[in-house]
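Protein sequences appear in the order of chains A and B. In terms of the numbering used here, the first sequence opens at residue 725 and continues consecutively. In terms of the numbering used here, the second sequence opens at residue 180 and continues consecutively. Even for Gly, the Cβ is constructed at its ideal location relative to N, Cα and C. Here the structure is a predicted model, which means the values were calculated and not measured. Only one structure is covered here, and it is reproduced in the block below.
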Amino acid sequence: MQDVSSGKPVVTDTTSSILDRAAEAAARATPVTLAKRVRGISDRTVAWLFIAPTIVLLLAINIFPLIWAIQLSFTNYRANRPNEPIKNIGLSNYSRILTDTDTWIAMQATAHFVFWTILLQTVIGFALAYLIDRKFRGHAFWTTIILVPMMLSPAVVGNFWRFLYEPQIGLFAYIVSFFTGIPPTEILMLSSVTLAPWAIIIVDTWMWTPYVMLICLAGLRSIPDYIYEAAEVDRASNWRQFWSITLPMALPFIMLAVLFRGIENFKMFDMVNLLTGGGPGSTTEVASITLKREAFEKWRTGFSSAFAIILFVAVFGLANIYVKVLNRVKSR
Amino acid sequence: MADVSLRGVSKAFGDTQAVDELTLSIKDGEFVVLLGPTGAGKTTTLRLIAGLERPDSGSIVIDGRDVTKLEPASRDVAFVFQQYSLYPHLTVAENLAFPLRSPARKLTEDEINSRVADVAKLVRIDHKLENKSTKLSGGEMQRVAIGRALVRKPVIYLMDEPLSSLDAKLRGDLRLELKRIQAELFSTMLYVTHDQIEAMTMADRIGILAEGRLVQIGTPKEIYTEPANLHVAARLGQPAINLLPADLLPETAAPAGTRTIGARTEHLTIRKAANSHADGTVDWVEHLGDQNHLHVTVGNRKLVTLTDPDTLFERGDRVTVRLRSPLYFDGAGKRIAG
Chain A
725 MQDVSSGKPV VTDTTSSILD RAAEAAARAT PVTLAKRVRG ISDRTVAWLF IAPTIVLLLA
785 INIFPLIWAI QLSFTNYRAN RPNEPIKNIG LSNYSRILTD TDTWIAMQAT AHFVFWTILL
845 QTVIGFALAY LIDRKFRGHA FWTTIILVPM MLSPAVVGNF WRFLYEPQIG LFAYIVSFFT
905 GIPPTEILML SSVTLAPWAI IIVDTWMWTP YVMLICLAGL RSIPDYIYEA AEVDRASNWR
965 QFWSITLPMA LPFIMLAVLF RGIENFKMFD MVNLLTGGGP GSTTEVASIT LKREAFEKWR
1025 TGFSSAFAII LFVAVFGLAN IYVKVLNRVK SR
Chain B
180 MADVSLRGVS KAFGDTQAVD ELTLSIKDGE FVVLLGPTGA GKTTTLRLIA GLERPDSGSI
240 VIDGRDVTKL EPASRDVAFV FQQYSLYPHL TVAENLAFPL RSPARKLTED EINSRVADVA
300 KLVRIDHKLE NKSTKLSGGE MQRVAIGRAL VRKPVIYLMD EPLSSLDAKL RGDLRLELKR
360 IQAELFSTML YVTHDQIEAM TMADRIGILA EGRLVQIGTP KEIYTEPANL HVAARLGQPA
420 INLLPADLLP ETAAPAGTRT IGARTEHLTI RKAANSHADG TVDWVEHLGD QNHLHVTVGN
480 RKLVTLTDPD TLFERGDRVT VRLRSPLYFD GAGKRIAG
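Take a look at the structure:
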């Protein structure tokens, strides 16, 4: 091990070699324990480490505000008077909302809006998908054109439809009057009590039908050609092919589109707020606009928290029931 | 049931000539199998007869009626697809009844039910009539698909590799069942496959397709013993025919013009021999259980032939190889004798 001929005293050599070995052992020991410590972490711990940031973020921006809102919904707290003492008033916010005629009118406006937008968007969206699926010349080009409204921001859509609906200068009124002969100044889409609910339905349908079409198209494309060929050889008419193959096989996709649109429109706010702001009167005051008025105009924070919780539970419950039905349809 | 014939039918997809001047006639009650590799035009031929494709030229005649320009629905054919083409949201019974509910045929509900019950028994699926078609195994699905074709009484049954997606055992069973059903119903059937065993066991006549052309058509025995050319010879036989240069082995009585000799197992006599007489060496004995494949090297060529399960040949044995009336092919690949 040591060079004896080097002339160094033997003792020194031995000492140094002992020290060397100790250092060597120490050097070896450090990575071993480190490796051991790293290896000591179980897969479960590693998994937790990886998802911890997401969980923390979710807790901070979703769960915490939700719990806080639930807590506030039992109080008379007003965010514009932070110095007033907060009084716990139990369930009276809830009972006031559920017995208040104004909130029920808002719920009716929401239901009207959700029902008609979904109906129109599903029927038109599926029809468009059915046409596009024929794969005629230039179908890809038309698909892109149809998708344009969906790609716009709701704020932009709300603003330019306000111009389109303008009775004096708007294109919409002009076109309608061109075909019906009604003078454009009488087509008050946004300020007439009877027309305003339909004005927001038209805009939402214009904007989101492409989305429904896209999902329906995915459903139609998932039906293999040979099923249709088999039906053709089996002498099934186009009508029968549609009812016994196309529609049942695309149904889960259609239902999915309805679910997505339903949830979205239940909490519709931005576009309606820009178009009518809930008016005239409260004819287009959908739930989220009522909510905004209560929370940020009347500053009834506790009350609006309770309202938000009620809406949340309603959407959550309905969506859950719907998903159960959807799964049953899919597994048929 | 009726005669079906194709007269000079051609079909191209872009630059690919799928079917090229095909002429074929199928007699009433006959089971014809089209055999060929992938891309030979087998499926296209079926689709042309069904009307799922339109020919570029030529005509298709069913029962004396020119159907070339008719829709599939008005041709009265039944088609079994390679994929399980069942209507997924319907039950087995509803799938089987589907073709019968066409408004073109005016059947009462009782008639439909009894036809469905009969066919379900025929294809042995009667115990699962109320099951959803998606809840069946592969073999059951294909039996329903075949049943859906059988439930009608069309002029011809067109089957596009219906057994290819099934496992070997099921394929064997269904092969027998199909042949039994066809014989029972005396139905006209055009069956497409690339499996030579299916072709040999089921067909009344085999048509060999290559590159969209019908190379040869005849009974399985004719196709096997008298192949028109090298291509046909190579399609049948297990292990595949050995194609040897004419001068490889001694003592051959090859006719003038022979370039290639085709030798199957039954054309070869192989005996152990002393070194000085030997023509070849046993390379390998492949044990398959019920039989053995014997690999022999002669010169720079390898031969594969069958031998008994209890063969005495071993690797390295020196052997003599003699031919017994093999097949002789000329320079263009055409069979000239044997």
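Checklist entry - What is the rounded straight-line gap between the Cα of D727 (chain A) and the Cα of A771 (chain A)? => result Here D727 (chain A) scores only 43 on pLDDT, less than 50, and its place in the model is too uncertain to base an answer on.
Checklist entry - Cβ atoms of M973 (chain A) and V1053 (chain A): under 8 Å apart, would you say? => result no
Checklist entry - Are the beta-carbon atoms of A435 (chain B) and L423 (chain B) separated by less than 8 Å? => result no
Next on the checklist: Does chain A have any CB closer than 8 Å to the CB of F192 (chain B)?
Outcome noted: no
Next on the checklist: Taking the straight line between their C-alpha atoms, what separation do you get for D426 (chain B) and Q395 (chain B)?
Outcome noted: 28 Å
Item to check | Per-residue contacts from S968 (chain A) into chain B (C-beta, under 8 Å) | outcome: Y266, L269, F277
Checklist entry - Are the Cβ atoms of A833 (chain A) and L941 (chain A) separated by less than 8 Å? => result no
Item to check | Residue environment, F798 (chain A), which counts as buried when at least 16 other CB atoms sit within 10 Å | outcome: buried
Next on the checklist: Counting only beta-carbon separations shorter than 8 Å, does M979 (chain A) have a partner in chain B?
Outcome noted: no
Checklist entry - On the three-pair Cβ rule with 8 Å, is the stretch 984-991 of chain A touching the stretch 928-948 of chain A? => result yes
Next on the checklist: Which residue wins for smallest C-alpha separation from L482 (chain B), given the options B:P505, B:Q470, B:A419?
Outcome noted: B:A419
Next on the checklist: Is it buried or exposed, N817 (chain A), if we count other Cβ atoms within 10 angstroms and call 16 or more buried?
Outcome noted: buried
Checklist entry - Any idea if E1009 (chain A) is buried or exposed, counting beta-carbon neighbours within 10 angstroms, 16 or more meaning buried? => result buried
Next on the checklist: So that I know if they touch, is there some Cβ in chain A lying closer than 8 Å to that of S238 (chain B)?
Outcome noted: no
Item to check | Option in A:L1050, A:F1031, A:V1037 with minimal Cα separation from S819 (chain A) | outcome: A:F1031
Next on the checklist: Looking at the strands, I want to know which residues DSSP matches up with D245 (chain B).
Outcome noted: B:V240
Next on the checklist: What are the residues in the stretch 208-232 of chain B lying within 9 Å of chain A by C-beta distance?
Outcome noted: R226, A229, G230, L231
Item to check | C-alpha distance - V256 (chain B) paired with A981 (chain A), whole-angstrom precision | outcome: 39 Å
Next on the checklist: Please tell me whether R1057 (chain A) has its Cβ less than 8 Å away from any Cβ of chain B.
Outcome noted: Since the first and last residues shown for chain A are 725 and 1056, residue 1057 (chain A) lies out of range.
Checklist entry - Just the Cα atoms here: how many angstroms apart are E956 (chain A) and G1003 (chain A)? => result 54 Å
Item to check | Among B:D383, B:L214, B:I376, the one whose alpha carbon lies nearest that of S366 (chain B) | outcome: B:D383
Checklist entry - How about F258 (chain B) and A960 (chain A): are their beta carbons less than 8 Å apart? => result no
Item to check | Residue range of the beta strand (DSSP E) that includes S1028 (chain A) | outcome: Premise fails: S1028 (chain A) lies in the alpha helix (DSSP H), 1025-1054, not in any beta strand (DSSP E).
Next on the checklist: Let me check understanding here. Comparing Cα to Cα, which of B:D242, B:K311, B:N421 lies closest to H268 (chain B)?
Outcome noted: B:K311
Checklist entry - Relative to the C-alpha of R331 (chain B), which residue among B:P488, B:V298, B:P406 is closest? => result B:V298
Checklist entry - Leaving out the 5 sequence neighbours to the left and right, which residues in its chain are closer than 6 Å to G243 (chain B) when beta-carbon positions are compared? => result none
Checklist entry - Among A:A923, A:T1007, A:V917, which has the Cα closest to the Cα of W885 (chain A)? => result A:A923
Next on the checklist: Tell me the rounded alpha-carbon separation between D289 (chain B) and R280 (chain B).
Outcome noted: 12 Å
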